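Residues 49 to 467, numbered by the numbering used here, are exactly what the sequence shown covers, in order.
We treat Cβ as the ideally placed atom computed from N, Cα and C, and that holds for glycine.
Source: prediction; values computed, not measured.
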Amino acid sequence: DGVYYKVLNADRLPSTFLSAVRVVRSPAIRETPFQPIVLPSGSPAVSGLSTPPMLKGLVITQPRPELNVVNAMSSPEGEPVLSHWNYELGRVAAFTSDASVWAEEWLGWPGFEAFWSQLSRMIMRPTTSQFMQGEARVEGDRVRLRVEANSDDGKPLNGLATPVVFFSPDGRQTTARLEQTEPGVYEGEVEAGEAGTYVAIVKPNEGGKALAPVILGVNIRENSELRTLRSDRESLVRLAQATGGRVMSLQEPTARAIFDRSGLRPREVATNLWRALLIAAIGVLLLDIATRRVAWDRWISREYGAEMARGAAEAVRDRGVQAAATLGGLRSRHSESTAGTAGTMLTLDEEDAKRLAEAARDRRRAQRIANVAASTRPGDARGEAEVRLEPARDSAADKEGGLLAAKRRAKQRFGEGES
């Protein structure tokens, strides 16, 4: 059997191993010829065998202390040579010698084949008898077991000892015993409060003779309401009577008027809304205070101001470039138009410059002669003043009129040339 050591620190593992190690000074095997002794154990493995031949060696072991261990053969010193025991539903056998080198003399022994055949059949899993039938069902928080035992000729077997080993889902074992309730029928209950799979092994025996075991299993569901697989009509009827309901049959839905709701009073349920409205009002109030007191614009400008300013600057810059390009185009067109017109006018002024100057001098000369002649005639003071002022005004007017007339004539000629 192993020993459990609880180690929380990995650094303590070496010291734990040293404390748990047992020093074995004697050799593990002994290769000395010896005569095996068949013990009176009643084991079917050595049943009907004569004295076996010599063995030349074995693995040194110690007898197991369990009561269910059967030592069928041993050495003269008492070491087990053949032992077997039951483990759960099967059997375990240990032969501490071998079947070749150490058992060289056994190979010609007449009982060699019978020995190994009997040992193999003994440790094989026994078949369940068709005359031993069992059932396990869940009843509340308990599992009810039922076994029917009959002999080979069909007669019920009475007075059997029926111990049960019950395994819960977590591996725990519970022992129980079935009681005979009818001829050949044995029943019992085992507590099963947890959900999961339960296994029951019934090991019947008759007068100390072991019979074929019966293996039963049952699965308990997680939810208790799902454990009952059949309808409980009695409970439903009581529920209908207590609540004023009706008990109807699905075989006659029309006659029973299953969907007729006449006579049934509608149910009204009032739900208070003040709690939900109060929570909503508190939330709206907090939002209102937050919008009034918290400077959201600063946060928005700090988080998104740089990006917005960058976008606005790019938009203004694009519009400025477009406006400058448009204005430059207009100016270039205006300059071209003005340059063409001015060139034409300058060309016309140079051609007429002399003629215009001569005409202007002739007019001024004629005007002065006329003024001198008029001054010799008597007149009032107003006429004298007008005569005195007239030359200067006429001189400026003649000068301006000559230029304007020249421009008009030039434009007229330019228009006639184009036409």
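Y234 has V195 and Q228 as its beta-bridge partners, per DSSP.
Nearest C-alpha to E237 among A209, K54, A258 and V186: V186. Boundaries of the beta strand (DSSP E) harbouring M180: M180 to E187, taken from the DSSP string. When rounded, the separation of the alpha-carbon atoms in I77 and S63 is 29 Å. If you check the CB distance, R225 and V233 do not come in under 8 Å. Take S145, set aside five residues on each side of it, and the residues of its chain with a beta-carbon closer than 7 Å to its own are L103, G105, L106, V129 and A151, in chain order.
The three-state reading of DSSP puts T222 in strand, counting E and B together. Here F65 is exposed. Its C-beta has fewer than 16 other C-beta atoms within 10 Å.
If you draw a straight line from the Cα of L312 to the Cα of A324, it comes to about 32 Å.
The straight-line gap separating the alpha-carbon atoms of S123 and G219 is approximately 38 Å. Around the beta-carbon of G182, 16 or more other beta-carbon atoms lie within 10 Å, marking it buried. With contact defined as three or more Cβ pairs closer than 8 Å, the stretch 54 to 63 and the stretch 83 to 101 are not in contact. Burial of L167 is indicated by the presence of at least 16 other C-beta atoms within 10 angstroms of its C-beta. The beta carbon of N198 sits closer than 7 Å to the beta carbons of F179, P204, L205 and G232 from its chain, once the five residues preceding and following it are set aside; these are given in chain order. With a threshold of 16 other beta carbon atoms within 10 Å, V262 meets it and is buried.
In the structure shown, E282 adopts helical secondary structure according to DSSP, grouped into three states.
Here W344 is exposed: its Cβ has fewer than 16 other Cβ atoms, across all protein chains shown, within 10 Å. Annotated three-state conformation of L321 is coil, per DSSP. The shortest CA-to-CA distance from V266 to any of F214, D280, T223 and E227 is the one to F214.
Residue environment for V51: exposed (fewer than 16 other C-beta atoms within 10 angstroms of its C-beta). Taken through DSSP and simplified to helix, strand or coil, E79 comes out as coil. Here L208 has A197, Q228, Y234, P252, N253, E254 and L259 as same chain residues with Cβ atoms under 8 Å from its own Cβ, once five neighbours each way along the sequence are excluded.
DSSP, reduced to helix, strand and coil, places K459 within a helical segment of the structure shown.
Comparing alpha-carbon positions, the option among E355, Q110, P100 and V149 lying closest to F160 turns out to be P100. Counting every other CB atom within 10 Å of its CB across the protein chains shown gives P84 a total of 16 or more, marking it as buried. Taking the Cα of G138 as reference, the smallest distance to any Cα among L287, V285 and M170 is reached at M170.
Sixteen is the threshold: since fewer than 16 other Cβ atoms of the shown chains lie within 10 Å of the Cβ of V149, the residue is exposed. The continuous stretches of beta strand (DSSP E) do not include L56, and DSSP gives it neither H nor E.
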